[in-house]
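J.: Our numbering applies: residue 37 is where the sequence shown begins, and numbers increase by one.
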Amino acid sequence: MIKYIDRRETLERYKEEHESLKKLVLTLSEREALSPNTVDRWSIKDVISHLAAWNWEAIDEVDRVLKNEATWPARYEGKIGEDDYNKKEVEKRKDRVWKDVIQEWDDSFWAQVKRMEQISEEEWKHQSGNQLWSDGTPVTVYSLFAYEYEGEGHEGGHAVQLRKLLVKEK
37 MIKYIDRRET LERYKEEHES LKKLVLTLSE REALSPNTVD RWSIKDVISH
87 LAAWNWEAID EVDRVLKNEA TWPARYEGKI GEDDYNKKEV EKRKDRVWKD
137 VIQEWDDSFW AQVKRMEQIS EEEWKHQSGN QLWSDGTPVT VYSLFAYEYE
187 GEGHEGGHAV QLRKLLVKEK
């Protein structure tokens with residue numbers, strides 16, 4: 037079950053996690069970032085591409101939830117839909133240089149923060165019609181940001197993952 041999360045606390049957590057991951061990413065050489073199969077089959081560049089894609093997608097999904105037209109439960113709750121989206125979005129960014137991927141990721145993050153700051157508390161709690169996640173939890177704006185990975189938010193979870201991998205390599 038997805039529990040309610042406070043918007044301001046979520047924003048602060050997201051900002052801290054982003055800055056932590058950004059600090060880590062900026063220490064990497066392009067060679068390290070592009071090295072294949074660092075994170076399963078992905079390079080670190082692929083992970084950052086994936087985060088940029090999901091940040092943009094979250095902005096769009098907030099608007100869909102507010103219009104009672106949420107798509108995430110149908111599109112991404114199944115592993116296949118999520119995997120297909122990740123593959124497509126990472127592939128879209130394959131030919132971009134590392135520096136540009138970092139910039140897009142940072143831009144997408146701050147655009148997401150801006151969207152989160154623009155919505156009212158009432159909108160933060162808004163339920164998309166009668167839509168439910170597979171566990172029966174209502175699809176709300178806040179539920180889009182309740183995802184945890186490695187015990188952290190999305191970016192924080194990838195920061196934990198990358199730190200572990202980079203420590204093993206040294």
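Glycine is no exception: its CB is placed at the ideal position from the N, C-alpha and C atoms.
Bear in mind the structure is a predicted one, so any value in this text is a computation, not a measurement.
1) Mind pulling the alpha helix (DSSP H) runs of 4 or more residues that sit fully within the segment 103-161?
2) Residue range of the alpha helix (DSSP H) that residue 61 falls in?
3) Are the CB atoms of residue 137 and residue 81 nearer to each other than 9 Å?
4) Taking three-plus beta-carbon pairs below 8 Å as touching, is the segment 102-113 in contact with the segment 154-165?
5) Is the separation between the beta-carbon of residue 185 and that of residue 41 shorter than 9 Å?
6) Starting from residue 179, trace the alpha helix (DSSP H) both ways and give me its first and last residue.
7) Assuming residue 108 and residue 125 form a contact by the criterion Cβ under 8 Å, report the distance between their Cβ atoms to the nearest whole angstrom.
8) Pick helix, strand or coil for residue 65, following the three-state DSSP scheme.
9) Which same chain residues end up closer than 7 Å to residue 53 when comparing Cβ atoms and leaving out the 5 residues on each side of it in sequence?
10) Judging by CA-CA distance, which residue of 83, 152, 57, 168 is the nearest neighbour of residue 119?
11) For residue 148, which residues in the same chain have their Cβ closer than 7 Å to its Cβ, ignoring the five residues on either side in sequence?
T.: Taking the structure as given:
1) 108-112, 115-128, 134-154, 157-160
2) 43-62
3) yes
4) yes
5) no
6) 177-180
7) Actually they are not in contact, since the Cβ atoms of residue 108 and residue 125 sit about 15 Å apart, beyond 8 Å.
8) coil
9) 188, 189, 191, 192, 195
10) 83
11) 91, 94, 95
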